[in-house]
Amino acid sequence: MKKLSLFAGLLLLLVVGTAAHAEDARPFLTAKDVDLTMILPPPPADDSAQTKAEIGEVLTLQVTRTPEMEARAKADAEENVWRFADVMGPKFTKEALPKLNAFFERVVATEGAVVDPAKDFWKRPRPHMLSDLVKPIVKPSTSGAWPSGHTTVGTMMGIILADMVPEKRAEIMTRAWEYGHNRVVAGIHYPSDIEMGRIAGAVIASNLQHDSDFEKEYEEAKAELRSVLGL
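FYI, in mature numbering (1 follows the signal peptide of the UniProt record, and there is no 0) the residues of the sequence shown are -22 to -1, 1 to 209.
Laid out in structure tokens, this is it:
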């Protein structure tokens, strides 16, 4: 019984430790390094013609999206690089690429550290907060919509992956664009949030290239990825 209790305790520590590692990933950059409020324009007013037109676009997708589109939009609610597995191939797994996994956890943490302050600054209400007709198919959020954090990190991951594996650049960037668009399909963002997310992602990715800490981990993750993929 004592051995069983010890095993259970060790297993719990392992699970908790793994979760803590994912949550505590240290960002490469923060809003102090990239201030999006000084780069992006402010969002359209809630009662503007543009916002009303964009709600119309969301509602149109709501009645025209297919079950397959809905399934992909729901799956893309996850913020991790493994959503690119469908274009990277069967060898692209967390288990096979531990260095890449740790590296992209820091990329995801960077998105939050840079984007969240901007979201809080602008506080753009999401579509379902302005129209009762909008029914998101992912977990509703009341955080600021401008810019889309998912789109920002999807763009960052796409740019970085495409730099690591230029042989698949077209497929990777097409997937990154779909990842962002799926936030509109899911009914949780306006199209202009996605546009701003793509700009934010490109800006952050560009700034990361000047960070020595990023460059070191990038090279290690790239070498691991290309080795596993046989490139």
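Glycine included, C-beta positions come from ideal geometry on N, C-alpha and C.
Problem set entry | Beta-carbon proximity of residue 113 to residue 165, cut-off 8 Å | As a first step, residue 113 must be located in the sequence shown, where it is residue number 135. As a first step, residue 165 must be located in the sequence shown, where it is residue number 187. Cβ distance < 8 Å, so residue 113 and residue 165 count as in contact.
Exercise. So, using beta-carbon positions, are residue 78 and residue 178 closer together than 8 Å?
Worked result: As a first step, residue 78 must be located in the sequence shown, where it is residue number 100. As a first step, residue 178 must be located in the sequence shown, where it is residue number 200. No, the Cβ-Cβ distance between residue 78 and residue 178 is not below 8 Å.
For this session: With DSSP as the reference, label residue 27 as helix, strand or coil.
Result: By one-based count along the sequence shown, residue 27 stands at place 49. It is helical.
Exercise. Between residue 94 and residue 126, is the Cβ-Cβ spacing less than 8 Å?
Worked result: Against the sequence shown, residue 94 aligns to sequence position 116. Against the sequence shown, residue 126 aligns to sequence position 148. For residue 94 and residue 126, no; Cβs fall outside 8 Å.
For this session: Have a look at residue -2 and residue 132 and give me their C-alpha separation to the nearest angstrom.
Result: Walking along the sequence shown from the start, residue -2 turns up at place 21. Walking along the sequence shown from the start, residue 132 turns up at place 154. Any reading at residue -2 is ruled out, since the residue's pLDDT is 45, under 50, leaving its predicted position unreliable.
For this session: Jot down the residue ranges of each uninterrupted beta strand (DSSP E) in the region 48 to 102, minimum 3 residues, whole runs only, in chain order.
Result: none
Exercise. Looking at the unbroken alpha helix (DSSP H) that takes in residue 4, where does it start and where does it end?
Worked result: Locating residue 4 in the sequence shown gives position 26, counting from the first residue. Looking at the DSSP string, residue 4 is not in any alpha helix (DSSP H), and its letter there is neither H nor E.
Exercise. Should the region 178 to 198 be regarded as contacting the region 25 to 43, the criterion being three or more beta carbon pairs within less than 8 Å?
Worked result: no
Exercise. Mind checking residue 208: buried by the 16 CB within 10 Å criterion, or exposed?
Worked result: Counted from its first residue, the sequence shown places residue 208 at position 230. Exposed, by the Cβ-count rule.
Problem set entry | residue 123 in three-state terms, based on DSSP | Position 145 of the sequence shown, counted from the start, is the residue given in the question as residue 123. In the three-state reduction of the DSSP assignment, residue 123 falls in the coil class, being assigned neither a helical nor a strand state.
Problem set entry | residue 112 CB to nearest heavy atom of the ligand GTP below 7 Å | The ligand GTP is not part of this structure, which contains no ligands at all.
Exercise. Taking buried to mean at least 16 other C-beta atoms within 10 Å of its own C-beta, is residue 158 buried or exposed?
Worked result: Working through the sequence shown from its first residue, we reach residue 158 at position 180. The residue is buried, with at least 16 neighbouring Cβ atoms inside 10 Å.
For this session: Using beta-carbon positions only, say whether residue 195 and residue 81 come within less than 8 Å of one another.
Result: Reading the sequence shown from its first residue, position 217 is the one you call residue 195. Reading the sequence shown from its first residue, position 103 is the one you call residue 81. The answer is yes: Cβ separation under 8 Å.
Exercise. Excluding the five sequence neighbours on either side, which residues of its own chain have a C-beta within less than 8 Å of the C-beta of residue 37, listed in chain order?
Worked result: Stepping through the sequence shown from its first residue, residue 37 is reached at position 59. Taking residue 37 as the centre and dropping the five residues before and after it, the same chain places the C-beta of 109, 111 and 112 closer than 8 Å to its C-beta, in chain order.
Problem set entry | Element boundaries [alpha helix (DSSP H), containing residue 216] | Nothing can be reported for residue 216: it is not among the residues displayed for the chain, which extend from -22 to 209.
Problem set entry | Touching by the beta-carbon criterion (3+ pairs, under 8 Å), the region 97 to 106 and the region 140 to 160 | no
Exercise. Which of helix, strand or coil does DSSP assign to residue 21?
Worked result: The count along the sequence shown starts at 1 and reaches residue 21 at position 43. Note: residue 21 maps to coil in three-state DSSP.
Exercise. Is residue 178 helix, strand or coil by DSSP?
Worked result: Reading the sequence shown from its first residue, position 200 is the one you call residue 178. In the structure shown, residue 178 sits in a helix (DSSP, three-state: H, G or I).
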